[in-house]
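Worksheet for the structure shown next.
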Amino acid sequence: MKFWIKLMLGIVIIISIILSFSRYITVRQNFVNSLEKEIKQNSNKHRLERYYLDSNIVSKIQQGEEFTDNHLIEYIKSLYSYMENDLESVEIYSEDTSQIFSNFDKTDYLGLQNLFDKENDKYIIKEIEDKNYMIFCSYCTVSNVSIYIVNIYDISSIYDERARQLKDIMLADIIVLVISSIVVAVFSIFLTKPIEDLNKLTKEISSGDFKKRVKVRTNDEIGELANSFNKMAEKVENQIKSLEISIKQKDDFISGFSHEIKTPMTAIIGYSDLLRLKNCSDEIRIPALNYIYSESKRLEELSYKLLSLMEISEDKIELKNTKIKDFIEKVCQKIIVDDIEIKLDLKEANVEIDENLLEIVIRNLVQNAKKAEPKDNCIYIVGNYEGNKYVISVIDTGIGIPKQDIQRVTEDFYMVDKSRSRKNGGTGIGLSLCKKILEFHNSKINIESEENIGTKVFFELEVID
Numbered sequence: 040m041k042f043w044i045k046l047m048l049g050i051v052i053i054i055s056i057i058l059s060f061s062r063y064i065t066v067r068q069n070f071v072n073s074l075e076k077e078i079k080q081n082s083n084k085h086r087l088e089r090y091y092l093d094s095n096i097v098s099k100i101q102q103g104e105e106f107t108d109n110h111l112i113e114y115i116k117s118l119y120s121y122m123e124n125d126l127e128s129v130e131i132y133s134e135d136t137s138q139i140f141s142n143f144d145k146t147d148y149l150g151l152q153n154l155f156d157k158e159n160d161k162y163i164i165k166e167i168e169d170k171n172y173m174i175f176c177s178y179c180t181v182s183n184v185s186i187y188i189v190n191i192y193d194i195s196s197i198y199d200e201r202a203r204q205l206k207d208i209m210l211a212d213i214i215v216l217v218i219s220s221i222v223v224a225v226f227s228i229f230l231t232k233p234i235e236d237l238n239k240l241t242k243e244i245s246s247g248d249f250k251k252r253v254k255v256r257t258n259d260e261i262g263e264l265a266n267s268f269n270k271m272a273e274k275v276e277n278q279i280k281s282l283e284i285s286i287k288q289k290d291d292f293i294s295g296f297s298h299e300i301k302t303p304m305t306a307i308i309g310y311s312d313l314l315r316l317k318n319c320s321d322e323i324r325i326p327a328l329n330y331i332y333s334e335s336k337r338l339e340e341l342s343y344k345l346l347s348l349m350e351i352s353e354d355k356i357e358l359k360n361t362k363i364k365d366f367i368e369k370v371c372q373k374i375i376v377d378d379i380e381i382k383l384d385l386k387e388a389n390v391e392i393d394e395n396l397l398e399i400v401i402r403n404l405v406q407n408a409k410k411a412e413p414k415d416n417c418i419y420i421v422g423n424y425e426g427n428k429y430v431i432s433v434i435d436t437g438i439g440i441p442k443q444d445i446q447r448v449t450e451d452f453y454m455v456d457k458s459r460s461r462k463n464g465g466t467g468i469g470l471s472l473c474k475k476i477l478e479f480h481n482s483k484i485n486i487e488s489e490e491n492i493g494t495k496v497f498f499e500l501e502v503i504d
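Residue numbering for the sequence shown follows the numbering used here, starting at 40 and increasing by one per position.
Here it is in structure tokens:
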């Protein structure tokens, strides 16, 4: 069952219960008030009529008339003759409860046994043949003759009024419930529309459309739920994108690694097989051996860098307070770059680094600058303060990097110009290694480059006072 239907039914049921209960209490209270008023009026009327009867009989006796049952009947008939078409009836019973007189045609249904009481006046309300009667009974003695006077009042109008009110109320309640059901249904549909949208959107997202978002129209709990859902969807989308990038990088790594291994191995196997099976002249043998040697060295470099990349972990890093200027100068003295001059412009500063790892970064950046074939045959290493940071930049005036490739050069095995990189002994893993090392130093690699103008690679280290 739809939630809006449950909501509508719940509200309508609550309304109907509250409405019915309140109407029932109102009708019941009106009926009780009317009944109490009728009891009071009829009780006073009964006493008054009993007094009139006593007075009339006493008056007749004082006039010397004989008092008998027949005289009593005549007095009563005379007294109640004006009530012939009224809603009131009377009955007279002797002291032994024998009926003397009655003008009520349903006397057999009255059941007055419990009303005959010499000490107290009593009354009952009784339903006889779809009519309701209020019956009063009093005991009195007139001229040594004791009788019971019974007055019967038709109070059906009170019950008829109650029935009429209940019928009108029931009809009014049905109309109110129908109208309220329509109004509540529309309101429930409007109220639950965001939930329906959320449910629909959940299905779309579960089918793979992670870009979908809920439109937030309110600031209530449903609006908060929609906001939370959007944040969750955004986080899931980012996680999915991150996983996709990770999978792609993994595939690229495997593809690049396979290619980097396969290419030199094919050449090595081919040339070594040639030398093994044939008696070659020095003109063939020496170039073949040189090629085998160079490709073997490239494989060696690749294996070292892969081992470095896999073995680096935060647990193995030991950061020490180091004078960065002296450190870079010592590293540059160890780097051999044929026909290239390394020019230093460094300010002294104390930083915390792992010297072995940062040396790998400097070496790779210098080697990359050399492979860029700088026009002035110079590589510039600059160290300056920027606030509380020390920025190290490696600058060349080489061929530069296309803008579309700058974001990808730090990926494993990514090379802008694969043929030129392999010619220069490149593996496509140097900058990826630098990136990972700098991350452990709470830094990141930054690249600014323009084609045919040059490249600037720089990173920041926190200065220690």
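A virtual CB, placed ideally from N, CA and C, is assigned to each residue, including glycine. Since we're looking at a predicted model, the values are computed, not measured.
* Whose C-beta lies closer than 6 Å to the C-beta of Lys-495 among residues of the same chain, with five residues either side of it excluded? -> Excluding residues within five positions, the ones whose Cβ falls inside 6 Å are Ser-432, Ile-434, Glu-487.
* Asked: Sorted by chain position, which residues of the same chain lie with C-beta nearer than 7 Å to Val-275's C-beta, five sequence neighbours on each side aside?
  -> So the qualifying residues of the chain are Phe-249.
* For the putative contact between Glu-499 and Ile-438, defined by C-beta atoms under 8 Å, what is the C-beta separation to the nearest angstrom? -> About 26 Å separates the two Cβ atoms, so there is no contact after all.
* Express the C-alpha separation of Asn-72 and Ser-59 in angstroms, rounding to a whole number. => So the two alpha carbons sit approximately 20 Å from each other.
* Just the C-alpha distance for Asp-365 and Ile-420, rounded to the nearest angstrom, thanks. => Their Cα atoms are separated by approximately 13 Å.
* Identify the residues that DSSP records as bridge partners of Cys-546: which are they? -> Outside the displayed range of the chain (40 to 504) lies residue 546, so it cannot be described from this structure.
* Asked: In this structure, what does DSSP give as the bridge partners for Leu-383?
  -> Bridge partners of Leu-383: Ile-420.
* On the three-pair Cβ rule with 8 Å, is the segment 134-150 touching the segment 167-175? -> With the cut-off at 8 Å, the segment 134-150 and the segment 167-175 touch.
* Asked: Are there 16 or more other CB atoms within 10 angstroms of the CB of Val-223, so buried, or fewer, so exposed?
  -> If you draw a 10 Å sphere on the C-beta of Val-223, you find 16 or more other C-beta atoms in it, and that means buried.
* Taking the CB atoms as reference points, tell me whether Ile-191 and Ser-128 lie closer together than 9 Å. => With respect to Ser-128, Ile-191 sits close: the two C-beta atoms are nearer than 9 Å.
* Buried/exposed call for Ile-304, threshold 16 Cβ in 10 Å -> It is worth fixing the name first, because residue 304 is Met in this sequence and not Ile. Exposed: under 16 other Cβ atoms inside 10 Å.
* Spatial distance of Thr-231 from Ile-261 (CA atoms) -> Looking at the two C-alpha atoms, the distance is approximately 9 Å.
* Contact the segment 85-98 vs the segment 200-219: 3+ CB pairs below 8 Å -> For the pair of segments examined, the segment 85-98 was found not to touch the segment 200-219: the number of CB pairs separated by less than 8 Å stays below three.
* Start and end of the alpha helix (DSSP H) containing Glu-499? -> Glu-499: not part of any alpha helix (DSSP H); member of the beta strand (DSSP E) spanning 493-501, first to last residue.
* To do: Compare the beta carbon distance of Ile-392 and Lys-359 with 9 Å and say whether it is the shorter of the two.
  => With contacts defined by Cβ atoms closer than 9 Å, Ile-392 and Lys-359 form a contacting pair.
* Asked: Within the present structure, is the beta-carbon of Asp-259 separated from the nearest heavy atom of the ligand COA by less than 8 Å?
  -> Ligands in the displayed structure: none, and consequently the ligand COA is not present.
* To do: Tell whether a beta-carbon distance below 9 Å holds between Ile-363 and Val-390.
  => Yes. Within cutoff.
* Would you list the one or two residues that DSSP bridges to Glu-487? => For Glu-487, which the question treats as bridged, DSSP gives the partners Lys-495.
* With 16 other CB atoms within 10 Å as the buried threshold, where does Ser-246 fall? -> Classification of Ser-246: exposed, given that the 10 Å Cβ count is below 16.
* Asked: Is Tyr-424 near Lys-369, with beta carbons less than 9 Å apart?
  -> At the C-beta level, Tyr-424 and Lys-369 stay beyond 9 Å of one another.
* Give me the Cα-Cα distance between Ile-213 and Asp-156, rounded to the nearest whole angstrom. => One C-alpha to the other measures close to 49 Å.
* Which residue's Cα is closest to the Cα of Ala-388: Gly-422, Leu-111, Ile-284? -> When only C-alpha atoms are compared, the closest one is Gly-422.
* **Asn-509 classed as buried or exposed, judged by whether at least 16 other C-beta atoms fall within 10 angstroms** => With the chain covering 40 to 504 only, the question about residue 509 has no answer from this structure.
* **Residues bridged to Lys-362 [DSSP beta-bridge criterion]** => Asn-389.
* Asked: Taking Asn-266 as the reference, which of Lys-242, Leu-237, Leu-282, Asp-378 has the closest Cα?
  -> Of the candidates Lys-242, Leu-237, Leu-282, Asp-378, the one whose C-alpha sits nearest the C-alpha of Asn-266 is Leu-237.
* To do: May I ask you to report which of helix, strand or coil DSSP gives Val-376?
  => Correct three-state label for Val-376: coil.
* Asked: Is it buried or exposed for Asn-403, if we count other Cβ within 10 angstroms and need 16 for buried?
  -> By the 16-neighbour rule on beta-carbons within 10 angstroms, Asn-403 is buried.
* What does DSSP give as the partner residues of Asn-171 in its beta bridges? -> The partner list for Asn-171 (beta bridge, DSSP) reads Glu-166.
* **Through-space distance from Glu-283 to Ile-221, alpha-carbon basis** => Between Ile-221 and Glu-283, the alpha-carbon positions lie close to 50 Å from each other.
* Answer yes or no: do Ile-188 and Ser-177 have a C-beta to C-beta separation smaller than 9 Å? => Judged by beta-carbon spacing, Ser-177 lies within the 9 Å limit of Ile-188, meaning their Cβ atoms are closer than that value.
* Can you name the start and end residues of the alpha helix (DSSP H) that Gln-443 belongs to? -> For Gln-443, the enclosing alpha helix (DSSP H) starts and ends at 442-445.
* Neighbourhood of Arg-461 by C-beta, 7 Å cutoff - its chain only, sequence neighbours within 5 removed -> Bear in mind that the predicted position of Arg-461 carries a pLDDT of just 44, short of 50, making it unreliable; the figure below should be weighed with that in mind. Cβ within range, chain order: n/a, list empty.
* Mind checking whether Ile-331 and Ala-306 have CB atoms under 9 Å apart? -> By the CB criterion at 9 Å, Ile-331 and Ala-306 fall inside the cutoff.
* Asked: Is it buried or exposed for Val-217, if we count other Cβ within 10 angstroms and need 16 for buried?
  -> Result: exposed.
* Check whether the Cβ atoms of His-480 and Leu-383 lie closer than 9 Å to each other. => No, they are not a contact pair.
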